[in-house]
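Residue numbers for the sequence shown follow numbering that gives the first Met the number 0, beginning at 0 and rising by one.
Glycine is no exception: its CB is placed at the ideal position from the N, C-alpha and C atoms.
Note sheet for the following structure.
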Amino acid sequence: MLNVLRNFIAELTGEAPARRFGENDHRLAAAALLYHVVAVDGEVSEAERVRLHDLLKARFGLDEEATDDLMRAAEQADDEAVDFYRFTSVLKSQLEEIDREQVVAMMWDLVYADGRLTEFEDNAIWRVADLLGVSGRARLRLKKIVQSGGNAVEMLVPPKE
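Structure (structure tokens):
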């Protein structure tokens, strides 16, 4: 909440830095949802934070600085959001089905980074997947892949020729 107030005052005074990731940037929308799912249980573990950084860097081909900026922007966007629709509408309009499934796969990957799944995390993924148009069958398939030690994200990436 304090960050929101600080940013609001900075914008009013013209001291706000230019944003690298705009409101309609699918990378920010995905990162905010991913951040939300690790923070929904009230605690972001170091393992979850490191895994989120690694996933964002690999998925979007970012360097360290850009990944750090995206993580900060995602945390701020999640703090300011009142619901998931702000992010899911961007993803649904800009991404193909396989890419939306990849976002859900990344969510499963993150929630298991600390070795446990809470009911809050499970519920958040269910709600986001539904808003993204990812079927219940696909959501559960991705969950099982991650639970069994597989990497759901890599399985969804089409092989390079």
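Linking D24 to H52 through their CA atoms gives a straight-line distance of about 18 angstroms.
Excluding residues up to 5 positions away in sequence, A30, L61, T66, L69 and M70 lie with their Cβ nearer than 7 angstroms to the Cβ of L55 in the same chain.
Inclusion of V36 and E47 in the CB contact set at 7 angstroms is not warranted, their separation being larger than that value.
Taking the Cβ atoms as the reference, D40 lies roughly 4 angstroms from T117, within the contact range of under 8 angstroms. The alpha-carbon separation between G21 and W107 amounts to approximately 25 angstroms.
Across the structure, D113 and V103 are spaced so that their CA atoms are roughly 17 angstroms apart. Burial of Y34 is indicated by the presence of at least 16 other C-beta atoms within 10 angstroms of its C-beta. When DSSP states are grouped into helix, strand and coil, D108 belongs to the helix group.
Selection G148, G149 and E100 evaluated against W125 yields E100 as nearest (Cα-Cα).
Between the alpha carbons of V89 and E64 lies a gap of roughly 24 angstroms.
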